[in-house]
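Residue numbers (numbering that gives the first Met the number 0), protein chains in the order written: chain A, 0 to 282; chain B, 0 to 331.
So the structure is just underneath, and the comments pick up after that.
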Amino acid sequence: MRRHGLGRRLPRGVLHLLIVAGGVVMLYPLLWMIGSSLKPESQIFSTSSILPSTWTVSNYTQGWTGLGYSMTGFLVNSLVLCALCVAGNLISCSLAAFAFARLRFPLRKVLFALMLASIMLPLHATIVPQYILFKYFGWIGTILPLVVPKFLAVDAFFVFLLVQFIRTIPRELDDSAEVDGCGRFRLFVRIILPLSIPALATTAIFTFLWTWGDFFTQLVYLSGNPASFTVPVALGAFVDSTSQSSWGQLLAMSLVSLLPIFGFFIAFQRLLLDGISTTGLRG
Amino acid sequence: MQLESRGSQARAVRAWLPRAGGLVEQGPGRLPRRKLSRRQREALAAYLFLLPWLVGMVGITLGPMLASLWISFTRYNLLSPPHWIGLGNYDALLHDPLFASAVKVTLLYVGVSVPIQIGFALFLAVLLNRGMKALGLVRAVYYIPSLLGSSVAIAIVWRTLFGYDGTVDRVVELFGWHNPPAWIDDPHTAVYTLVVLAAWQFGAPMIIFLAGLRNIPKELYEAADVDGAHRWLQFRRITLPLLSPLILFNLVLQVIGSFQAFTPAYVISGGTGGPASSTLFYTLYLYQEAFGQLDMGYGSAMAWVLLVAIVAVTAAIFATSRRWVFYMDRQA
Chain A
0 MRRHGLGRRL PRGVLHLLIV AGGVVMLYPL LWMIGSSLKP ESQIFSTSSI LPSTWTVSNY
60 TQGWTGLGYS MTGFLVNSLV LCALCVAGNL ISCSLAAFAF ARLRFPLRKV LFALMLASIM
120 LPLHATIVPQ YILFKYFGWI GTILPLVVPK FLAVDAFFVF LLVQFIRTIP RELDDSAEVD
180 GCGRFRLFVR IILPLSIPAL ATTAIFTFLW TWGDFFTQLV YLSGNPASFT VPVALGAFVD
240 STSQSSWGQL LAMSLVSLLP IFGFFIAFQR LLLDGISTTG LRG
Chain B
0 MQLESRGSQA RAVRAWLPRA GGLVEQGPGR LPRRKLSRRQ REALAAYLFL LPWLVGMVGI
60 TLGPMLASLW ISFTRYNLLS PPHWIGLGNY DALLHDPLFA SAVKVTLLYV GVSVPIQIGF
120 ALFLAVLLNR GMKALGLVRA VYYIPSLLGS SVAIAIVWRT LFGYDGTVDR VVELFGWHNP
180 PAWIDDPHTA VYTLVVLAAW QFGAPMIIFL AGLRNIPKEL YEAADVDGAH RWLQFRRITL
240 PLLSPLILFN LVLQVIGSFQ AFTPAYVISG GTGGPASSTL FYTLYLYQEA FGQLDMGYGS
300 AMAWVLLVAI VAVTAAIFAT SRRWVFYMDR QA
């Protein structure tokens, strides 16, 4: 029998070496970013080495105010935006999910299908009229166009996720609550929500990560008002206007912008990885 | 265990329910209620719960979608009222060399980066599944690029790494390549730096494959061993068919996502799509037309073409999937 490449058993040591080498390649851009942010400008392009030969934090101190406004302001803008979006998604998606999972009402199947269909809808299909609408409201240059839709359960994926989760909560709880005269809103707040905490946590974490990293919609709605810039928009604007001499600062501030994501990853690693393997959620 | 915890939950619920009961009904000064049937009350409650979602569905999703279709038949720059031009925008698209170039670049990007990404993901998942010390750490290391990769920050790193006389040049020098192309400044190579960036993010599909591999019954491989099937045959006849539903899943997600890639192209080219439109992704051109030129009609037409293209490609993938996706439960 002819033997193919995979046919022979790779010795375990070689396999491990391959995987470790692959890991180094994967991490190189990140380690390079960290190293370069601590190098003087002249060293960034002159070597492939990650470690700086002279260490400096001037990229951080100068870069902090180097984007026109203070980085503090951009971070606060991003954090406020993320907090509001998380709140919006938690409230609106769980309300809708409860209705779909637990209540009977006319047109339920049609609306549910509509909700599912909207999950895959590319945002470009709606962004032009949305922009016109929000411009008419005078909301361009504010975070309202980014936040208000979250309070209207536009992220249908999370509605679906929560529906699936609520369906696993035993119905006997609803029934006994109803027998005891508990209204539906109380049932929702006092029983369903507390039992849905794992799915709500997934919703909150991914909403935070996506909002923190989103560039396109924030660029569309915030450009023109630098005071409202979030971190990605500020970085994007800085790239456009940067001179060749400030890459170190740019890399330093880019690194700062990734820190919250690192933090979330370290804190919620299990939840993130499980979320991906069970639902296909992306980082 | 499960039953017991359910029981205690129910008990906990009972404990506070008596307080909840009755209060609502007895409150003085309430409006006299019209008698509604139980079913009507449930429907009413459901629509109250759905209210935010309904407003969003009509006002932010469906309404704008239809509006976008209508706007695509007009010339509209936000300053003067929309002017109906019928199929004018679509006709202009057909004759627009930048549009043709954007379509080509995007198809190239999707067509090259998605198979590479899925191939890497599958390959590493199979390797890692053979058992590994510190699997958790390895998984994390391979996954982190997926988590960070679509950010502006990483696009900036890419632009710096592949920049003029940059670090990538230093690295390839180590391997004896002394005259590398100008990467992001060369129209022939710029888009491939974006492909590399996409390929680097194979961690998320890899995690999905790993979960799938763990669900393949070991006995299948043991039986194959007994029959003397070598590993490659086992991979082709057992692993691939049983993973094919997940391959389909990852393929669809990646294709839909890649068609909409925007951030890396924007950052690497400084928003221009250059050099020579070689990184002018579809969505970047749409952005320039709609929000740079304020040509809302043209932008909407492009959005509808994109929507139709994505639906068509997804439908095509599903249509072919009948031939190559294997569902164990349907065979049994």
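Quick reminder that beta carbons are idealized off the backbone N, C-alpha and C, glycines included.
Check                                                                                                                                                           : Outcome
Quick one: does A:Thr-125 have its CB under 7 Å from some CB of chain B?                                                                                        : yes
What does DSSP give as the partner residue(s) for B:Thr-73 in the beta ladder?                                                                                  : B:Trp-83
Which chain A residues are close to B:Leu-86, counting only those with a beta carbon under 7 Å from its beta carbon?                                            : In chain order: nothing, as chain A lies at least about 18 Å away.
Counting only Cβ pairs nearer than 8 Å, list the residues of chain A close to B:Asp-164.                                                                        : Phe-44
Does any residue of chain B have a CB that is nearer than 7 Å to the CB of A:Met-32?                                                                            : yes
Check the Cβ-Cβ distances between B:Pro-144 and every residue of chain A, and say whether any is below 7 Å.                                                     : yes
Secondary structure at A:Leu-234, three-state DSSP: helix, strand or coil?                                                                                      : helix
Would the beta-carbon of B:Leu-305 fall within 7 Å of that of A:His-15?                                                                                         : no
Less than 7 Å between CB atoms is the rule here; does B:Gln-259 satisfy it with respect to chain A?                                                             : yes
Since B:Leu-43 contacts A:Ile-260 with CB under 8 Å, what's their CB separation in whole angstroms?                                                             : In fact, because the Cβ distance is near 43 Å, the residues do not count as touching under 8 Å.
Helix, strand or coil, according to DSSP, for B:Tyr-163 in the structure here?                                                                                  : coil
Does DSSP classify B:Gly-28 as helix, strand or coil?                                                                                                           : Legend: pLDDT at B:Gly-28 = 49, less than 50; position of this residue unreliable, value from coordinates given subsequently. Three-state DSSP puts B:Gly-28 in coil, outside helix and strand.
If A:Phe-133 and A:Pro-144 are in contact, beta carbons under 8 Å, what's the gap, nearest whole angstrom?                                                      : 4 Å
Note down, in chain order, each residue of its chain lying with its Cβ closer than 8 Å to the Cβ of B:Ile-237, except the 5 sequence neighbours on either side. : Ile-215, Leu-219, Tyr-220 and Ala-223
Spatial neighbours of A:Gly-62 within its chain, please: C-beta separation below 6 Å, excluding the five flanking residues on both sides.                       : Gln-248, Ala-251 and Met-252
Sorted by chain position, which residues of the same chain lie with C-beta nearer than 6 Å to B:Phe-119's C-beta, five sequence neighbours on each side aside?  : Phe-201
Between A:Ile-168 and chain B, is any beta-carbon pair separated by less than 7 Å?                                                                              : no
Mapping the DSSP letters down to three states, classify A:Leu-66 as helix, strand or coil.                                                                      : strand
When you compare only the Cα positions, how much space is there between A:Tyr-59 and B:Arg-158?                                                                 : 19 Å
Pull up the distance between the alpha-carbon of B:Val-307 and that of B:Arg-230, whole angstroms please.                                                       : 42 Å
Please report the straight-line C-alpha distance between A:Pro-40 and A:Leu-257, rounded to a whole angstrom.                                                   : One detail in the question is off: residue 40 of chain A reads as Glu in this sequence, not Pro. Going from the Cα of A:Glu-40 to the Cα of A:Leu-257 covers about 21 Å.
Consult DSSP for B:Met-301 and reduce its assignment to one of helix, strand or coil.                                                                           : helix
Mapping DSSP to helix, strand and coil, what is A:Phe-136?                                                                                                      : coil
The alpha helix (DSSP H) spanning B:Ile-246 covers which residue range?                                                                                         : 239-258
So, do the segment 165-175 of chain B and the segment 122-138 of chain B have three or more beta carbon pairs nearer to each other than 8 Å?                    : no
B:Leu-293 and B:Leu-77 look like a contact to me (Cβ under 8 Å); what is the Cβ gap, rounded to whole Å?                                                        : 6 Å
Looking only at C-alpha atoms, which of A:Gly-180, A:Leu-151, A:Leu-115 and A:Tyr-220 sits nearest to B:Leu-49?                                                 : A:Leu-151
Could you pull out every residue in the same chain whose Cβ sits closer than 8 Å to the Cβ of B:Leu-212, ignoring the five residues on either side in sequence? : Ala-124, Val-125, Asn-128, Thr-238 and Leu-242
Would you call B:Ile-183 buried or exposed, if buried means 16 or more other Cβ atoms sit within 10 Å of its Cβ?                                                : buried
With a 10 Å radius around its C-beta and 16 neighbouring C-beta atoms as the bar for buried, classify B:Pro-144 as buried or exposed.                           : buried
On a Cα-Cα basis, can you pick out the residue from B:Met-56, B:Val-171 and B:Met-64 that is closest to A:Thr-46?                                               : B:Val-171
By Cβ distance, which residues of its chain are closer than 7 Å to A:Gly-140, with the 5 residues on each side in sequence left out?                            : Leu-221, Gly-223, Asn-224 and Ser-227
At 4 residues or longer, and completely inside the segment 98-149 of chain B: list those alpha helix (DSSP H) runs for me, N to C.                              : 134-147
Residues of chain B with a CB under 9 Å from the CB of A:Trp-54: which are they?                                                                                : Correct list: empty, because the minimum Cβ distance to chain B is about 18 Å.
Could you compute how far the alpha carbon of B:Thr-73 sits from the alpha carbon of B:Pro-204?                                                                 : 41 Å
Over the uninterrupted alpha helix (DSSP H) stretch that includes B:Glu-332, give me the two end residues.                                                      : No answer is possible for residue 332 of chain B: it lies beyond the span of chain B, which begins at 0 and ends at 331.
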